[in-house]
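Novice: The listed protein sequences correspond, in order, to chains A and B. Note that full-length UniProt numbering has the first sequence beginning at 1, numbered continuously upward. Note that full-length UniProt numbering has the second sequence beginning at 1, numbered continuously upward.
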Amino acid sequence: MSGAREKKRAKKMRNQPASVTMPAEPGSVLAGGPRPCPPPGDVRSEQQYQQQKFAHQSSGPPYRKDQYFPREQNRGERGRGRGGWQGGHQSASEEIPRYITVSTFAQARAAEMKAMLKAVTQKSSNSLVFQTLPRHMRRRAMSHNIKRLPRRLQEIARKEAEKAVHQKKEQSKTKCRKARRRHVNLVAEFNRRQRKNIWLETHIWHAKRFHMVKKWGYCLGDSPTEKCYRACYRAMTNHCLLQDLSYYCCLELTGKENELLKQLARICSVDTGLTFGVARCLSGRFQGSLNLYRADRYPKDTLGPVTFIWKPRDGSENRQLWIWMHPALKQDILNELKEIFQCSEPEKVCIPEPLTTSVQEEEQMDVVVSLGKKRKKEDKEGEKTVPVKKIIGDGTRDPLQSYSWISQTTGVVISDRTMEILRYRLIGPLSHCVLTETLKAASLQTEMADSESELNKWWVENCKDSEKVSLHQRQTAIFELLEGISSPSEMPPGTILGLTVGDPRVNLPKKKRKAMPDPEKYQDNDKVRQLYLEGVPVECAHSFIWDQDICKNVTENKISEQDLNQMRAQLLVPGSQLDLGPCESKIPILLVQQPGKMAGEDRPGWGSGWDIYLPKGWGMAFWIPFIYRGVRVGGLQEAAKHSEYQRTPHTPNDFPDCPAGMQFAKELEATLLEKFKRRPPAKRANYVKLGTLSPFICPWGQLTKNWERRMNDSEEFLCPSSPHSEHCATEGNGFCDPEPEVVKEASSETGEVEETMEITSSEGAIKREDDPGSQNFGERDEAMTRDFVVLRSKKLLMQVAAWCYPTSGKDRRIRLISRLGQKEMTEDVFLPILMRYPRALVWVNLSLLRKGNPELHAMICIPTEDDLLHLSKDKLFCGPQEPKHRDIFKHKVQKLKEEKKKKKKKKTTKEEEEEEEKKDNVEALESDPPSILDKETTEEHEDLILGLWPDTLPDMTSHCSRSLLGYVTRGDFSLAAGCGEALGFVSLTGLLYMLHGQPADKKGLVLLRTPASLQYRFARLSIEV
Amino acid sequence: MVRFKNRYVLCEVVAEEPRGRHCIEDRAVGTAVRDAIARAYGDYGLACCSVSFTVKYLNAYTGTVLLRCRKDFHRLLCSALPLVRQLESRGLRCPCFLSTLHVGGTIRSCQKFLIQHNRRQLLTLLQNCTNEEERQRIRQSVLSCSLTEGQSQSGDEEEEDDTETD
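(1) Report the residue ranges of all alpha helix (DSSP H) runs contained in full by the UniProt domain "POPLD" (609–700) of chain A; include only those spanning at least 4 residues, in chain order.
(2) When burial is assigned at 16 or more other CB atoms within 10 Å of the CB, is A:C176 buried or exposed?
(3) Quick check on the DSSP output: what are the complete alpha helix (DSSP H) runs of length 4 or more inside the segment 395–482 of chain A, in order along the chain?
(4) Sort A:L251, A:S1022, A:L1014, A:S415 by Cα distance to A:L995 and report the nearest one.
(5) Would A:G978 be called buried (16 or more neighbouring beta carbons within 10 Å of its own) or exposed?
(6) Measure from the alpha carbon of A:C804 to the alpha carbon of each residue in A:A640, A:K1002, A:G607, A:L693, then state which is nearest.
(7) On the CB-based measure, 16 or more other CB atoms within 10 Å of its CB, does A:L1005 come out buried or exposed?
(8) List the whole-angstrom C-beta distance separating A:R266 from A:I340, where the pair is believed to meet the contact cut-off of C-beta under 8 angstroms.
(9) Would you mind reading off the limits of the beta strand (DSSP E) that contains B:C99?
(10) Whole angstroms is fine: what's the gap from A:D379's alpha carbon to A:E556's?
(11) When you compare only the Cα positions, how much space is there between A:N258 and A:L591?
(12) When the distance is taken between beta carbons, is A:Y532 closer than 8 angstroms to A:E490?
(13) Can you give me the Cβ contacts of A:L337 inside the same chain, cut-off strictly under 6 angstroms, excluding the 5 residues immediately before and after it?
(14) I'd like to know whether the C-beta of B:I115 is nearer than 8 angstroms to at least one C-beta of chain A.
(15) Under 6 angstroms Cβ to Cβ from A:L964, same chain only, skipping five residues before and after it: list those, please.
(16) So, does the CB of A:L128 fall closer than 8 angstroms to a CB anywhere in chain B?
(17) Quick check on this structure: which residue in A:R647, A:Y628, A:E162, A:K641 has the alpha carbon closest to the alpha carbon of A:Q603?
(18) Report the CB separation of A:L499 from A:A541 in whole angstroms; it is logged as a contact under 8 angstroms.
(19) Answer with buried or exposed for A:V573, where buried requires no fewer than 16 other C-beta atoms within 10 angstroms of its C-beta.
(20) Please say whether A:P595 and A:S543 have beta carbons closer to each other than 8 angstroms?
(21) Can you name the start and end residues of the beta strand (DSSP E) that A:K586 belongs to?
(22) What does DSSP give as the partner residues of A:Q243 in its beta bridges?
(23) For B:V14, which residues from the same chain have a beta carbon less than 7 angstroms from its beta carbon, with the 5 sequence-adjacent residues on both sides left out?
(24) Considering only residues of the same chain and omitting the five flanking positions on each side of A:K468, which have a CB-CB separation below 6 angstroms?
(25) Determine the chain B residues that contact residue 1073 of chain A at a beta-carbon separation under 9 angstroms, and present them in chain order.
(26) Hey, could you find the ends of the beta strand (DSSP E) A:G222 is sitting in?
(27) Return the CA-CA distance between B:Y41 and B:N131, expressed in angstroms with no decimal places.
(28) Tell me the rounded alpha-carbon separation between A:S576 and A:P504.
(29) Thinking C-alpha only, which one of B:C69, B:C94, B:R93 is nearest B:C49?
(30) Strictly below 8 angstroms CB to CB, what residues from chain B border A:V20?
(31) Should the segment 625–632 of chain A be called in touch with the segment 508–515 of chain A, which here means at least 3 C-beta pairs below 8 angstroms?
(32) Return the CA-CA distance between A:L856 and A:G971, expressed in angstroms with no decimal places.
(33) Beta-carbon within less than 7 angstroms of A:L241's beta-carbon, same chain only, minus the 5 sequence neighbours each way: which residues are those?
(34) Whole angstroms are fine: how far does the CA of A:A801 sit from the CA of A:I545?
(35) Look up A:Q881 in the DSSP assignment and say whether it is helix, strand or coil.
(36) Assuming A:K214 is part of the beta strand (DSSP E), what are its boundary residues?
See below:
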């Protein structure tokens, strides 16, 4: 604000003359002293007197010489603007004859006059010319018609007017709106804009209704512009929320089953749950989801979560596998897959896709070029020009580059099918109603509508095969059965149903209304029950969407919206159902059930729904019919909320151990820091005083390291003063023979390495501001990755989850433990765990007991015994307070600030001096080195910001009065639970330490503190597996 | 428009010695004038004049000083100006006096007057000069003090640059 004001003032004062004083000189030099004035020749006049004065002056000692410098230079160094007083510095040589004095005198006057003239003639205010006129000279419409101004002002006014016009012109486009909105030009413009970031097919629809963000190379809708936070939640719980997930990336692996499974087993682990080879998924009946790791690196080096679908066996030797992942993870996973399958050569023969797209692209290029020509010319050629084709699929792809890779040894083909298959997600208990209302199974067709066109050729051929017809009929029957279920969560998780449907645009309802289940259809018959229990049979999971040729055919032979509307207009009875007959396209789709919330006790099946996979090009044709069934549409924010209420980690936010997650955290830190710095320092939260070490990023590496060190330092916390501590330790050693020592050594080594790293990084932090994401940063990240792992082993998680349960009156925990077949929490059980995972994080969820709204990066802390005691006594006890910390950096920051100020001042004076002493190079050299030193000293502390800890943090666990367990990565008031809920990671070591010390009925109670507050709040920690 | 009205007093510092020009500084002039007011009118007068009293412009080479004070009390200031006998700065003390050239309502009017005044001075100088070289010099400087078309344009360009960077 003040900056703007200063700027304004500077602009105003630009033409005003500055005061001119004699340059500062030591008085001793002046002592050259007055000489007797030469006897005045003429009559005494003011000027004469002055002349003499000047004569005197200039005949003084030679110091004036130094002042001499060329005028241009003076101007340049003084900075622009500020119509300063530039003359007068001219001086004369030592023995000055009289006439020089006259010239100095005259020059002084002249320069002053010039400055004054500039000040007087050039207007300095922000007002327009006609506004400065006195009132009686104002005329109507002066601002429009320059000629109404007095002639002397017309010139200035013209300039002003030109400037305004010029500014406007910059904004406006080259063409008129009508031309811009012409379809050809519009499509060309859209295609141009798609080259940088990929647009989804629903982009235009979204762009009109959503805040768009550019992320991961896509343009995505972030959240709707309308107010719908709660409405979207209601849609998720009561009706249906639609989301365009087409930006998810699909990698297709083709090859022999054995070969695929053999290599894929290396990048996932049985410990974490599924693998690619699980029978139910391998058959193609169910979709599976798992976490990928770098080959043979489990549990380190996570790559990220994926879902996968096997194509059902169809007799041939080769199997097809789709791996779907978030775009942020794609590059890592693709590289890893290429490596393990040794697919290095790009393959061109197998997939003709690149060729066709290249043709398409060339056509587009041609048209784009032709657009540049004059319109008349275009009209002449108008008939011949090919209409611009809309980019379907990935607009950023290089047509000449191949997107599939083959391995020479095994024949496995990996192809990148991103944006080839669209994916919509319907979330909510009524999503199956929306589906069944929108989609109608394709009718059988035995003859071609038109012998020439390719339309539906595949379908006709297919219909000739009675086996396939019966399959289609069975699929249709199952699809119709879906109307009978009450919620998608009743289906077995990950059920896949293949289907071929007709054009959904045909049976578009006249009015938008909510799809509701039909109570008549809802029948609890055997068939539905069988569907619940057994799921969809294997053969019904088959879909033609797996076949690329068919997909291509379907994409290319889509009836355009325009044709469809024309046909509608030609209907005899306006508004009646359009019957396309044999011309109706048949579209192969894949329906995949999303299981929703599976872990935990409350809200089972919440957020379940269906994913629908479509061939590309059909996006809007399916989107609008869905919208007409009253679904609500969500963006990225809603997706995040969905996973938050499901308590599942969200990609990539909640995968701190995979590269994409780290990248995300870094970006988040940068934006938060930026936001923090935008506030005036007095209005910022002082995080040092609040005892928050890192409010913008979770330093997982250091957290786990500190906990490990703490455990090593006080071995006794594991076996507090127990007589058989040694025995325990030996037992631990015996349990996992060589490991502990190795681990310890390794850890200590890495600890040292890290320390050195930290030192270097603190030095390197100087550079950080300049180029984030440089090599420097990357190194640091790598160090961080090696630091910690996220515990994903199902067995261990179950164990820890069981320990977290508090015992209620009815001895619930013991029952639960016995149910889960878990061991009681004793040293000899968890010691080996700690040995094996010295630096692990655990995904936990927290729900607040009373007040409080957890935020991003809130700290999870261990309550002391007093806190628990207080809690049990006082019903209204909200939580303890953190005592205020002292800001130990404050004086440093202030000192730095002062130094900077001083330096600035010095610099300016120095500059002036340098100006004056241009010739004295020696002195300039002398003055230089200290300035360099100054710079160095200040730059060392460059990253010191008031209220934030500098890069090197102290021991994190014991910094505050309650020891730190972990951080919240997502937290908010949960509409689903009705209280504040948070998700985050805690250190496994710390968690076990806490659980060990807590009384049985208070297990899993933790304290939460948001970064900008001193108040702790009680929360219950639980782990859902 | 409702505003505080000021008076700007344009005066000239006439130093008795040439080195006195080194004393011509914002602060020195200000304190000297204040001293003079205090001597003439006491605390009351000083307080009256001190409201918004500043040295707006000062040129040590020509000895021009532009003072500002509130309109209501400018007579106090004007009457106190002749009482300034010396300027003091950096331990130097130089005897001098202030001669009032003009009293105006705006800076702009004072600037205009100053231009006129300087022009008159240069002209008289030109008339009084004794040899050819002097005459030449003065002519040159007179020529140099006019704003040319190109300069004003360059100023405009600067302005445009400004708006663009904004």
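Ideal placement from N, C-alpha and C gives every residue a C-beta, glycine not left out.
Specialist: Looking at the coordinates:
(1) 619–627, 636–646, 659–678, 687–690
(2) The residue labelled residue 176 of chain A in the question sits at position 176 within the first sequence. A:C176 should be labelled exposed.
(3) Taking only runs of at least 4 residues, the alpha helix (DSSP H) segments lying wholly in the segment 395–482 of chain A are 431–438, 457–464, 466–481.
(4) Within the first sequence, the letter at position 995 stands for residue 995 of chain A. Of A:L251, A:S1022, A:L1014, A:S415, the residue nearest in Cα terms is A:S1022.
(5) Looking up residue 978 of chain A in the first sequence gives position 978. A:G978 is exposed by the Cβ-count criterion.
(6) In the first sequence, counting from the first residue as 1, residue 804 of chain A sits at position 804. For A:C804, the nearest C-alpha among the options comes from A:K1002.
(7) Position 1005 of the first sequence, counted from the start, is the residue given in the question as residue 1005 of chain A. It counts as buried.
(8) Your numbering for residue 266 of chain A matches position 266 in the first sequence. Your numbering for residue 340 of chain A matches position 340 in the first sequence. Confirmed, Cβ separation roughly 6 angstroms.
(9) By 1-based counting over the second sequence, the position of residue 99 of chain B is 99. Per the sequence shown, the amino acid found at residue 99 of chain B is Ser instead of Cys. B:S99 -> beta strand (DSSP E) spans 92–104.
(10) Residue mapping note: residue 379 of chain A aligns to position 379 of the first sequence, counting from 1. Residue mapping note: residue 556 of chain A aligns to position 556 of the first sequence, counting from 1. Any answer about A:D379 is weak, because its pLDDT of 41 lies below 50 and its placement is not dependable; what the coordinates show is given next. Roughly 28 angstroms separates the two Cα atoms.
(11) Start at 1 with the first residue of the first sequence, and residue 258 of chain A comes out as number 258. Start at 1 with the first residue of the first sequence, and residue 591 of chain A comes out as number 591. Answer to the nearest angstrom: the Cα atoms are 27 angstroms apart.
(12) Indexing the first sequence from 1 puts residue 490 of chain A at position 490. Indexing the first sequence from 1 puts residue 532 of chain A at position 532. Yes; because the gap between Cβ atoms is below 8 angstroms, this pair is in contact.
(13) Position 337 of the first sequence, counted from the start, is the residue given in the question as residue 337 of chain A. Apart from sequence neighbours up to five positions away, the residues of its chain that approach A:L337 with a beta-carbon distance below 6 angstroms are I414, ordered along the chain.
(14) The residue given as residue 115 of chain B occupies position 115 in the second sequence. Nearest CB-CB separation between B:I115 and chain A: below the 8 angstroms threshold.
(15) Stepping through the first sequence from its first residue, residue 964 of chain A is reached at position 964. Once the five neighbours on either side are set aside, the close Cβ partners of A:L964 are M859, C861, M956, T957.
(16) Translated into the one-based positions of the first sequence, residue 128 of chain A becomes position 128. By this cut-off, A:L128 is not an interface position.
(17) Taking the first sequence and counting its residues from 1, one reaches residue 603 of chain A at position 603. Per the sequence shown, the amino acid found at residue 603 of chain A is Arg instead of Gln. Measuring from the Cα of A:R603, the nearest candidate turns out to be A:R647.
(18) On the first sequence, residue 499 of chain A is found 499 positions in, with the first residue counted as 1. On the first sequence, residue 541 of chain A is found 541 positions in, with the first residue counted as 1. 10 angstroms between Cβ atoms; not a contact.
(19) For the purposes of this step, residue 573 of chain A is taken as the residue at position 573 of the first sequence. Classification for A:V573: exposed.
(20) The count along the first sequence starts at 1 and reaches residue 543 of chain A at position 543. The count along the first sequence starts at 1 and reaches residue 595 of chain A at position 595. The answer is no: Cβ separation not under 8 angstroms.
(21) Here the question's residue 586 of chain A lines up with position 586 in the first sequence. Looking at the DSSP string, the run of the beta strand (DSSP E) that includes A:K586 is 586–594.
(22) As a working mapping, residue 243 of chain A is identified with position 243 in the first sequence. Per DSSP, A:R425.
(23) In the second sequence, the residue the question calls residue 14 of chain B occupies position 14. Correct list, in chain order: G63, C96, F97, S99.
(24) Mapped onto the first sequence, residue 468 of chain A falls at position 468. Correct list, in chain order: N462.
(25) Because chain A is modelled from 1 through 1025, residue 1073 of chain A falls outside the range shown and cannot be assessed.
(26) As a first step, residue 222 of chain A is located in the first sequence; it is residue number 222 there, counting from the start. Per the sequence presented here, residue 222 of chain A reads as Asp, with Gly not at that position. Element bounds for A:D222: 218–224.
(27) On the second sequence, position 41 is the one that residue 41 of chain B refers to. On the second sequence, position 131 is the one that residue 131 of chain B refers to. Cα to Cα, B:Y41 sits roughly 50 angstroms from B:N131.
(28) Reading the first sequence from its first residue, position 576 is the one you call residue 576 of chain A. Reading the first sequence from its first residue, position 504 is the one you call residue 504 of chain A. Going by the C-alpha atoms only, they are around 15 angstroms apart.
(29) Walking along the second sequence from the start, residue 49 of chain B turns up at place 49. Looking at the Cα atoms, B:C69 is the closest of the given residues.
(30) Position 20 of the first sequence, counted from the first residue, corresponds to residue 20 of chain A. Ordered by position in chain B, the residues that pass the 8 angstroms Cβ test against A:V20 are L58, N59, A60, Y61.
(31) yes
(32) Residue mapping note: residue 856 of chain A aligns to position 856 of the first sequence, counting from 1. Residue mapping note: residue 971 of chain A aligns to position 971 of the first sequence, counting from 1. If I take the Cα positions, the gap works out to 6 angstroms.
(33) For the purposes of this step, residue 241 of chain A is taken as residue 241 along the first sequence, with counting starting at 1. So the qualifying residues of the chain are C232, A235, I427, G428, V631, R632, G634, E638.
(34) For the purposes of this step, residue 545 of chain A is taken as the residue at position 545 of the first sequence. For the purposes of this step, residue 801 of chain A is taken as the residue at position 801 of the first sequence. Rounded to whole angstroms, A:I545 to A:A801 spans 41 angstroms at the Cα level.
(35) As a first step, residue 881 of chain A is located in the first sequence; it is residue number 881 there, counting from the start. Secondary structure at A:Q881: strand, using DSSP grouped into helix, strand and coil.
(36) Residue numbering aside, residue 214 of chain A sits at position 214 when the first sequence is read from its first letter. Unbroken beta strand (DSSP E) run through A:K214: 210–215.
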